[in-house]
Amino acid sequence: AKEKGGNTFQLYHPEMNMRSLHWLNLETHLRKAVEKEEFSVYYQPLVDLGTGKIFGMESLLRWNHPEWGMVSPGEFIPLAEETGLIVPLGNWVLKQACKQTYEWSQMGFPKLCVSVNISMNQFHQPNFVQLIQDTLRETKLHPNQLCLEITESVAMKNVSYIMETMENLKQLGVQISIDDFGTGYSSLSYLKKFRVHTLKIDQSFIRDITVDEDSAAIVTALIAMSRKLKIKSLAEGVETQEQLRFLKEQGCDEIQGYIFSTPLAPEHFEELVKNNKLL
Ligand code: C2E
Ligand code: CA
Ligand code: CA
Ligand code: CA
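Going by the UniProt record's numbering, the letters in the sequence shown line up with residues 325 to 603, in that order.
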């Protein structure tokens, strides 16, 4: 549709940012996908380093586009955030995850705890605490089987509102973890104000612990700090035996990563739990 020459119509202006064009298109697809229910939820095991057993799972959104195939959340979550679509989408994931976890409890599985990513937009929707309460009631899931993952940057804006909301969530009996810990802009001061359940140490630190002294030092310090504060430490993105050994030596409590399993469709996750897979 693009031709050279003086007065020829140009569909694409040369200076037009390809990225914004792509996004424009993507937004249309994303809106349709919500209507057509092209989304599913995968589950990645969370493993206790003490027992080597699965104690829970993180719910991760998957978009199966009819032509494009699996679209990674890294591609569309930022756009979903920007357009506000993340609110209905995130609330849908929350409900699916709670429903699934309750179903697994009913099947006689050990008591699993499901971690659900909560975006800033979701956290700030009015009556968020009520929404959590309603979802738990509707799905019959026990509150202590639900953990909300909040990213550090989110947790730092509007501190007093966040503290109040987190306190109310705690009253409900749900757990809260700080996601991607170490990558945000926050000070550590809010850890003093509000005791979260788990710190998830970002995979960018874990990736380099066996090759980079600085990463190793940071991870060592974060684990030690967590222990002193009586907060659980969870290492994300663990891929190798060397990383695992290092984390065990440092007394890390829990891990998540390809070394144990990638995120899985529910039926595949089920297999691992049934077979009592150990790390
Ligand atoms: P996240 O919350 O930090 O999730 C962990 C990501 O690391 C997942 O990517 C997971 O597949 C990946 N991962 C796990 N273990 C390993 C490993 O050993 N090596 C490597 N290289 N990667 C590993 P995924 O599923 O592509 O999700 C990317 C991000 O999208 C998530 O990062 C999260 O920020 C966002 N996201 C996913 N689902 C949801 C959702 O339901 N709601 C919201 N708000 N965000 C979501
Ligand atoms: Ca997460
Ligand atoms: Ca994370
Ligand atoms: Ca991340």
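Think of the CB as a built atom: it goes at the ideal place given N, C-alpha and C, for glycine as much as any other residue.
- Within the segment 473-555, the complete alpha helix (DSSP H) runs of at least 4 residues fall at 476-480, 483-496, 513-517, 527-531 and 537-552.
- Shortest Cα-Cα distance from L603 to any of I579, N468 and V395 involves I579.
- Within the same chain, and ignoring the five residues on either side of E382 in sequence, the residues whose Cβ sits closer than 6 angstroms to its Cβ are Q368 and S439.
- Taking a contact as a CB-CB distance under 8 angstroms, the pair Y426 and T459 does not count as one, their CB atoms being some 11 angstroms apart.
- Under the three-state reduction of DSSP output, D577 falls in the coil class, being neither helix nor strand.
- Between E560 and I525, the gap from beta carbon to beta carbon is short of 9 angstroms.
- Around the CB of D577, 16 or more other CB atoms lie within 10 Å, so the residue is classed as buried.
- The C-alpha of T407 is placed about 10 angstroms away from the C-alpha of R355.
- For I456, the uninterrupted alpha helix (DSSP H) segment begins and ends at F452 to T463.
- Taking all protein chains in view, the Cβ of W392 is surrounded by fewer than 16 other Cβ atoms within 10 Å, so the residue is classified as exposed.
- Leaving aside the five residues that flank A357 on each side, the residues in its chain whose CB is nearer than 8 angstroms to its CB run, in chain order, F363, W387 and H389.
- Residue pairing of R386 in beta bridges, as defined by DSSP: S364.
- Pairwise C-beta distances place the segment 464-477 in contact with the segment 413-430, as three or more of them are shorter than 8 angstroms.
- Short note on L413: C-beta closer than 8 angstroms to some heavy atom of ligand 1.
- For Q449, the shortest C-beta to heavy atom distance toward ligand 1 is 8 angstroms or greater.
- Measuring C-alpha to C-alpha distances from Y485 to each of I502, V453 and L418 identifies V453 as the nearest.
- In this structure, the beta-carbon distance from I502 to S443 does not fall below 9 angstroms.
- In the three-state reduction of the DSSP assignment, S557 falls in the strand class, which pools E and B.
- In the structure shown, M381 adopts extended strand secondary structure according to DSSP, grouped into three states.
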